[in-house]
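Each residue of the sequence shown is one higher than the last, beginning at 16 in our numbering. Heads up, the thing below is written out as structure tokens.
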Amino acid sequence: MSDSAVLYRGSISPDEAVDRLRARVGIVTATHETVGLGDAAGRIIAGDLIAPTNLPASNNAAVDGYAVDAAFL
Numbered sequence: 016m017s018d019s020a021v022l023y024r025g026s027i028s029p030d031e032a033v034d035r036l037r038a039r040v041g042i043v044t045a046t047h048e049t050v051g052l053g054d055a056a057g058r059i060i061a062g063d064l065i066a067p068t069n070l071p072a073s074n075n076a077a078v079d080g081y082a083v084d085a086a087f088l
């Protein structure tokens, strides 16, 4: 049996997933500041970042999504 099969514990509802993530992350309260691109690594963006063009140019939902390691939930 693979390691991933051992870690898989079954499906949970989206609400349960959000609750588990919030319990791990906690509440983030902070102010915002403007920094250069070189200083932005490791920071959380405070607003929307809009690309000038769609990438990929076509709808490609088959590869969109989130990956969550079950061992950390």
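The beta-carbon is built from N, C-alpha and C at its ideal position, and this holds for glycine as well.
First through last residue of the alpha helix (DSSP H) which encompasses residue i
{"i": "Leu-36", "result": "29-40"}
Proximity winner among the options, relative to residue i (alpha-carbon distances)
{"i": "Ala-61", "options": "Ile-27, Val-43 and Tyr-81", "result": "Val-43"}
{"i": "Leu-64", "options": "Leu-52, Arg-35, Arg-39 and Asp-84", "result": "Leu-52"}
Whole-number beta carbon distance between residue j and residue i, since they are thought to touch under 8 angstroms
{"i": "Leu-88", "j": "Arg-37", "result": "12 angstroms between Cβ atoms; not a contact."}
Rounded straight-line distance, which links the Cα of residue j to that of residue i
{"i": "Thr-89", "j": "Arg-24", "result": "In this structure the chain extends from 16 to 88, so residue 89 is not present and cannot be described."}
{"i": "Val-83", "j": "Thr-68", "result": "28 angstroms"}
{"i": "Arg-39", "j": "Ala-55", "result": "24 angstroms"}
{"i": "His-47", "j": "Ala-66", "result": "21 angstroms"}
{"i": "Pro-71", "j": "Ala-85", "result": "29 angstroms"}
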